[in-house]
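Visitor: With the first letter of the sequence shown counted as 1, position 174 gets the number 182 in this note's numbering; the numbers rise by one all the way through.
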Amino acid sequence: MSNASQTLECTVQEGIAKLWLARPAQRNALDEALMAELTSAVRDLGDRSDVRVIVLGGLGKAFCAGADLNWMTRAARYTREQNVEDVARLSTLLQTLDHVRKPTIARVHGACYAGATGLVAACDLAIAADDARFCFSEVRLGLVPATISPYVQRAMGYRAALQHMLTADVFDSTTALRTGLINEVVPVDQLDSRIDTLAHTLRSAGSRALAETKRLLRHIHGQPINAGIIRETIECIADARVSAEGVEGVRALLAGEKPRWSGE
Numbered sequence: 009m010s011n012a013s014q015t016l017e018c019t020v021q022e023g024i025a026k027l028w029l030a031r032p033a034q035r036n037a038l039d040e041a042l043m044a045e046l047t048s049a050v051r052d053l054g055d056r057s058d059v060r061v062i063v064l065g066g067l068g069k070a071f072c073a074g075a076d077l078n079w080m081t082r083a084a085r086y087t088r089e090q091n092v093e094d095v096a097r098l099s100t101l102l103q104t105l106d107h108v109r110k111p112t113i114a115r116v117h118g119a120c121y122a123g124a125t126g127l128v129a130a131c132d133l134a135i136a137a138d139d140a141r142f143c144f145s146e147v148r149l150g151l152v153p154a155t156i157s158p159y160v161q162r163a164m165g166y167r168a169a170l171q172h173m174l175t176a177d178v179f180d181s182t183t184a185l186r187t188g189l190i191n192e193v194v195p196v197d198q199l200d201s202r203i204d205t206l207a208h209t210l211r212s213a214g215s216r217a218l219a220e221t222k223r224l225l226r227h228i229h230g231q232p233i234n235a236g237i238i239r240e241t242i243e244c245i246a247d248a249r250v251s252a253e254g255v256e257g258v259r260a261l262l263a264g265e266k267p268r269w270s271g272e
């Protein structure tokens, strides 16, 4: 991520990267620049050996209010071909978040609307403050929540995603938790401490093990348990056992020590 970024702030401490959407005056609304910089930042953090966990949050009063109005105004004048190219920016961002090998945590407070819900669903874990409000507002504008739909439906399931996308209702953190869009709800004044605790828990695990667990669960999600899946799980744990990380983890367990992971 460029040090000259106008839309993001990033800190890395003790292996935990905190990536902040930094357009508080616009409630961190998504536009072309923010999406491009966020995509680049996630890729860069994913490649850094000193980063083990990525936290995504928003500065100011909201996580992200969805699409920037100026961006929407520009897009309204685009041709269909230009719109395909434009929407690909959000699609690429969501794919990048979904596939980055490091564990990702969404830190959600305030408004989380439209495309922002896709960011949350594409992260591995999501913790929301009790003041968070969610909405798939697209149909009210004559639009379709298409780009975010694979990630949201995976998180919420078909029925819940369909209900909230069709009604475009505003729902609270408790509903988001019940439907699976987020993992936990905490009081707003405890959000940062809970995020830090979770991030340090993830940081203590082997980075290869975390990445392979993410990859495996993504691959087998929704698939029938057949011979191919069973074989893949056997090979996955066999590879882990003979990896340098697996050997170190077992050694540390038997010695009553904390593992000394590579890169630490």
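In this text, a Cβ means the ideal position worked out from N, Cα and C, and glycines have one as well.
Quick one: residues in its chain with C-beta nearer than 7 Å to the C-beta of residue 230, no 5 flanking neighbours on either side, listed in chain order?
Guide: For residue 230, where only same-chain residues beyond five positions count, there are no Cβ hits under 7 Å.
Visitor: Closer than 8 Å by C-beta to residue 147: which residues in its own chain qualify, once you throw out the five before and the five after it? Chain order, please.
Guide: Only 153, 173, 174, 176 meet the Cβ criterion.
Visitor: Work out the CA separation of residue 62 and residue 52 for me, nearest whole Å.
Guide: Taking the straight line joining both Cα atoms gives about 11 Å.
Visitor: Which class does residue 28 belong to by DSSP, given the choice of helix, strand or coil?
Guide: Strand at residue 28.
Visitor: Whose C-beta lies closer than 7 Å to the C-beta of residue 31 among residues of the same chain, with five residues either side of it excluded?
Guide: The answer, listed in chain order, is 15, 37, 42.
Visitor: Suppose only complete runs of 4+ residues qualify. What are the alpha helix (DSSP H) ranges in the segment 165-194, listed by chain order?
Guide: Those alpha helix (DSSP H) runs which fall completely within the segment 165-194 and span 4+ residues are 166-175, 181-187.
Visitor: Under a Cβ-count criterion, where at least 16 other Cβ atoms within 10 Å of its own Cβ denotes burial, should residue 273 be classed as buried or exposed?
Guide: In the structure as shown, the chain starts at 9 and stops at 272, and residue 273 therefore has no counterpart that could be examined.
Visitor: How would you write the range of the beta strand (DSSP E) that residue 38 sits in, first residue to last?
Guide: Run containing residue 38: none; DSSP gives neither H nor E here.
Visitor: Unbroken alpha helix (DSSP H) runs of length 4 or more, entirely within the segment 38-90: which are they?
Guide: Listed in chain order, they are 40-55, 77-83.
Visitor: Determine, using beta carbons only, whether residue 137 and residue 114 come nearer to each other than 7 Å.
Guide: Cβ atoms of residue 137 and residue 114: not closer than 7 Å.
Visitor: Ends of the beta strand (DSSP E) at residue 135?
Guide: Its beta strand (DSSP E) spans residues 133-137.
Visitor: Could you tell me which residues DSSP pairs with residue 16 in its beta bridges?
Guide: 29, per the DSSP bridge assignment.
Visitor: Name the one or two DSSP bridge partners that residue 116 has.
Guide: Its beta-bridge partners are 136.
Visitor: Rounded to whole angstroms, how far is the Cβ of residue 190 from the Cβ of residue 128, which I believe are closer than 8 Å?
Guide: Right, the Cβ-Cβ distance comes to about 7 Å (below 8 Å), so this counts as a contact.
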